[in-house]
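*Asks:*
Numbering (full-length UniProt numbering), first residue to last: 1 to 127.
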């Protein structure tokens, strides 16, 4: 794309090469989930923009960082999956946030994870 920069004092324009830019916009946002203690939860987040947005996952306002939290980026860099395994209650129950940002702007989407206690096997009474 070609743009022009013109001088107000001189009747002359300079050709420039301009690069269009766009703030992040979500293509997919994460859905609320309910999981069982010991199970797995996966959240998907995908965004577009120019330049391509960077996706970051937060829990309670802080970037997720724990060996049970795995962020898997899409091959094309347009999004990622947040995978939590094994689920623990009440520690993992929270609002999670997907933040997409680039040099033009930032947007975020939130999702809720509810973790249920796993069922224990019934105890057998011995007489």
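From the three backbone atoms N, C-alpha and C, an ideal C-beta is built for every residue, glycine too.
Pull up the DSSP beta-bridge partners for residue 43, would you.
*Replies:* Paired residues: 82.
*Asks:* May I ask you to verify whether the stretch 19-37 touches the stretch 103-121, counting CB pairs closer than 8 Å and requiring at least 3?
*Replies:* At 8 Å Cβ cutoff, the stretches touch.
*Asks:* So, residue 81 versus residue 44, is the Cβ gap smaller than 8 Å?
*Replies:* Yes.
*Asks:* Residue 58 to residue 117, Cα distance in whole Å?
*Replies:* Their backbone Cα atoms lie some 24 Å apart in a straight line.
*Asks:* At which residues does the beta strand (DSSP E) containing residue 88 begin and terminate?
*Replies:* Note, residue 88: premise wrong, no beta strand (DSSP E); not H, not E.
*Asks:* Among 13, 56 and 35, whose alpha-carbon lies nearest the alpha-carbon of residue 86?
*Replies:* Comparing Cα-Cα distances from residue 86 to each of 13, 56 and 35, the minimum goes to 35.
*Asks:* How many Å lie between residue 48 and residue 115 at the Cα?
*Replies:* If I take the Cα positions, the gap works out to 31 Å.
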